[in-house]
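Structure first, commentary second.
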Amino acid sequence: MKNLLKKEILLCTNAQIVIFSLFALFILIPSWPPAIAFIYPLSGVMTLFPRGLANKDIEYTSLLPVKKTDIVKGKTLFIMVVELAVILLATAGGIIRALYPIIPDASESDYYIKTQPTISLLGFAFFAFGVMNFIMISMYYKNPYKRLSAPSLISIFASTFVLGIGTVLIVLVDVMRDYSPLGLMVQFITLAVGMILFIVLSLLGYLLGAKRFEKVDL
Numbered sequence: 001m002k003n004l005l006k007k008e009i010l011l012c013t014n015a016q017i018v019i020f021s022l023f024a025l026f027i028l029i030p031s032w033p034p035a036i037a038f039i040y041p042l043s044g045v046m047t048l049f050p051r052g053l054a055n056k057d058i059e060y061t062s063l064l065p066v067k068k069t070d071i072v073k074g075k076t077l078f079i080m081v082v083e084l085a086v087i088l089l090a091t092a093g094g095i096i097r098a099l100y101p102i103i104p105d106a107s108e109s110d111y112y113i114k115t116q117p118t119i120s121l122l123g124f125a126f127f128a129f130g131v132m133n134f135i136m137i138s139m140y141y142k143n144p145y146k147r148l149s150a151p152s153l154i155s156i157f158a159s160t161f162v163l164g165i166g167t168v169l170i171v172l173v174d175v176m177r178d179y180s181p182l183g184l185m186v187q188f189i190t191l192a193v194g195m196i197l198f199i200v201l202s203l204l205g206y207l208l209g210a211k212r213f214e215k216v217d218l
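Heads up: the sequence shown runs through residues 1 to 218, numbered per the UniProt record's numbering.
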């Protein structure tokens, strides 16, 4: 599996993934909702599948001495590595933004305060990535030889919806963005739940995708 993941990183990483992942640093822009930092990288991950289809990635990987389920597992792990890198970048950017705040005009102070990066947002980002992994991987490996737009569109829409709901909740519910003892407890619980959902949904996406891929005639 280590070699298969190495193959994914060396052969499947493309410029779009790198560039869109770096967009996680958009979280540094004070006037932008921080959720934007996670929405753009979703598009980068989506390029993996059409690029793989064009480069005959599945045909090549199937020639290696690996099981069909390992092909799906390798791709799933690679996607999760990219997503974790995005979250780490965004976290670093959020810390920098918190350490060096920009004092807004009085007319913008309420918006500025309510749209600061929070620990809760990371929880929703993990959840959104998990939703994307479940939908994309399970749908794509049902028929990996066809260029289908439905998996990409549905997974991006669902993930963006999760981030949108998370942003609204953080703005409306003070305890999800405040750093009192209660606020920190709520934020860390949100983060923990998001991480668990990320792992569970990604695992379910892999299991369903692998099950469907087993039925595909290579």
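Heads up, the beta-carbon is just placed ideally off N, CA and C, and yes, glycines get one too. Keep in mind that this is a model prediction, so the values were computed, not measured.
Practice prompt. With a threshold of 16 other CB atoms inside 10 Å of the CB of Met-185, please say whether the residue is buried or exposed.
Written response: Walking along the sequence shown from the start, residue 185 turns up at place 185. Using a 10 angstroms sphere on the CB of Met-185, the tally of other CB atoms stays under 16, which defines it as exposed.
Worksheet item: Do three or more CB pairs link the region 85-96 to the region 113-128 at distances below 8 Å?
Response: yes
Worksheet item: Of the residues Gly-166, Arg-177 and Met-139, which one's Cα is nearest the Cα of Thr-76?
Response: Counting from 1 along the sequence shown, the entry for residue 76 is found at position 76. Selected option, being the one with the closest Cα: Met-139.
Worksheet item: What number of angstroms, rounded off, separates the C-alpha of Ala-37 from the C-alpha of Phe-127?
Response: Against the sequence shown, residue 37 aligns to sequence position 37. Against the sequence shown, residue 127 aligns to sequence position 127. About 15 Å.
Worksheet entry | Between the CA atoms of Asn-133 and Glu-214 - distance to the nearest angstrom | Taking the first residue of the sequence shown as 1, we reach residue 214 at position 214. Taking the first residue of the sequence shown as 1, we reach residue 133 at position 133. So the two alpha carbons sit approximately 19 Å from each other.
Worksheet item: Is the region 153-162 in contact with the region 184-199, if contact means three or more CB pairs nearer than 8 Å?
Response: no
Worksheet item: Taking just the CA atoms, how far does Pro-41 sit from Phe-157?
Response: Mapped onto the sequence shown, residue 157 falls at position 157. Mapped onto the sequence shown, residue 41 falls at position 41. About 13 Å.
Practice prompt. With a floor of 4 residues, list each alpha helix (DSSP H) that falls wholly inside the region 11-49, ordered by position along the chain.
Written response: Along the length of the region 11-49, whole alpha helix (DSSP H) runs at least 4 residues long occupy 15-22 and 36-46, reported in chain order.
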